[in-house]
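Undergrad:
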Amino acid sequence: MTSPWLACRIRRPEAPVRLFCFPHSGGSVGEYVRWADLLPDIEVWGVQFPGRGARAEEAPFTRLNELVDALVRAVDFGASFAFFGHSLGALVAFETARRLRDLGRTPPDALFLSAAPAPQLPPRGIPASHLDEDGLLTALEPTYGELIHELREDEELRELILPGLRADLLLVESHRHEDREPLSCSMTVTGGLQDDLPRAELEPWRVHTTGPFALHLLPGGHFYLRDPEAKPTLLRLITETP
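If you read the sequence shown in this note's numbering, its first letter stands for residue -17, the second for the next number, and so on.
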């Protein structure tokens, strides 16, 4: 399991399942691998994309299919595992699961897809990846809030964060969903009650699996998973899903 694509805070080789976490746009794996402290029976891994975190010096991908192809070539996920993805990470996790299935490799036993509209729906909003720096910050502010305020006041931080964010926007904007056979794993979709992503855009994920499907809305906005009320519930859902 040694790979630049993967990071792990606490190794638990005896754990019955591994959870691979796919980060949000511009995000790194740090906050996800810390879940290991709260999930003692799961070995938690973060999936680290090029262009961020420990791989900040690498060129980020701007095409989702190319990112997924590189990931599945580089990583053997093992025999029993689950995927969690938040926002952009949900789309990458879903497409990675489909690619593994299509290649005849072991797909995840469970998918946890967080704060992301179903991929077959029309794009939300207008493309933003081409905007100048100020326009990009303005477009991202409703979602990223405090981070955008920090970026406006810290030029070095902007230079570090914005290229990855822009590349991640391109990943979504350039992606075209293809209808294929549904997966057979369990699928749990979650979102924030105060996010601007309505239930009507989360519910259509249901068509992408023939396995058990559940939808849960938890307290908080787009980053509800950081909310002290919502986070324990989210982790409980992960723990209790077969």
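Just so it is clear, CB atoms sit at the ideal spot from N, CA and C, and this is done for glycine as well.
#1: Which same chain residues, not among the five before or five after T215, have their C-beta less than 6 angstroms away from its C-beta?
#2: Where does the unbroken alpha helix (DSSP H) through E132 begin, and where does it stop?
#3: I'd like the ranges of any alpha helix (DSSP H) spanning at least 4 consecutive residues and lying wholly in the region 2 to 59.
#4: Taking its Cβ as the centre, do 16 or more other Cβ atoms sit within 10 Å of Q176, making it buried, or is it exposed?
#5: From G127 to T120, what does the alpha carbon distance come to, in whole angstroms?
#6: May I ask you to report which of helix, strand or coil DSSP gives V(-1)?
#7: Please list, in chain order, all residues of the same chain as S111 whose beta carbon is under 7 angstroms from its beta carbon, the five residues on each side excluded.
#8: Please report how far the alpha carbon of G117 lies from the alpha carbon of P105, in whole angstroms.
#9: Can you tell me which of C167, A52 and P186 puts its alpha carbon nearest to the alpha carbon of S(-15)?
#10: Check whether the Cβ atoms of V50 and E77 sit closer than 8 angstroms, and answer yes or no.
#11: If we call anything under 8 angstroms between Cβ atoms a contact, is K213 one with L219?
#12: To the nearest angstrom, how far is it from the Cα of P180 to the Cα of G71?
#13: DSSP on G146, reduced to helix/strand/coil?
#14: Excluding the 5 residues flanking A18 on each side, which residues of the same chain have their C-beta closer than 7 angstroms to its C-beta?
#15: Looking at C-beta atoms only, is the number of pairs between the region 155 to 174 and the region 92 to 103 that lie closer than 8 angstroms three or more?
#16: Considering only their Cβ atoms, is the gap separating H68 from P124 smaller than 8 angstroms?
#17: Which residue from E138, G146 and P101 puts its Cα closest to that of G8?
#18: Would you mind working out which of G203, Q102 and H159 sits nearest T172, comparing C-alpha positions?
#19: Whole angstroms are fine: how far does the CA of I108 sit from the CA of D84?
TA: Answer, in terms of the structure:
#1: Hits under 6 angstroms: L200.
#2: Per DSSP, E132 is one residue of the alpha helix (DSSP H) stretching across E128 to E135.
#3: The qualifying runs are 12 to 15 and 46 to 56.
#4: When all chains shown are included, Q176 counts as exposed.
#5: Straight-line Cα distance between these residues: approximately 10 angstroms.
#6: For V(-1), the three-state secondary structure derived from DSSP is coil.
#7: Contacts found: R148, L151, L152 and E155.
#8: Straight-line Cα distance between these residues: approximately 19 angstroms.
#9: Taking S(-15) as reference, the option from C167, A52 and P186 with the minimal CA-CA separation is A52.
#10: Yes, Cβ-Cβ distance for V50 and E77 is below 8 angstroms.
#11: No. Outside cutoff.
#12: Approximately 18 angstroms between the Cα atoms of the pair.
#13: Assignment of G146 by DSSP, reduced to helix, strand and coil, places it in the helix class.
#14: For A18, where only same-chain residues beyond five positions count, the Cβ hits under 7 angstroms are R(-9), I(-8) and V26.
#15: The region 155 to 174 and the region 92 to 103 touch, with no fewer than 3 CB-CB distances between them shorter than 8 angstroms.
#16: Between P124 and H68, the CB-CB gap reaches or exceeds 8 angstroms.
#17: Of the candidates E138, G146 and P101, the one whose C-alpha sits nearest the C-alpha of G8 is G146.
#18: Of the listed residues, the one whose Cα sits closest to T172 is G203.
#19: If you draw a straight line from the Cα of D84 to the Cα of I108, it is about 32 angstroms long.
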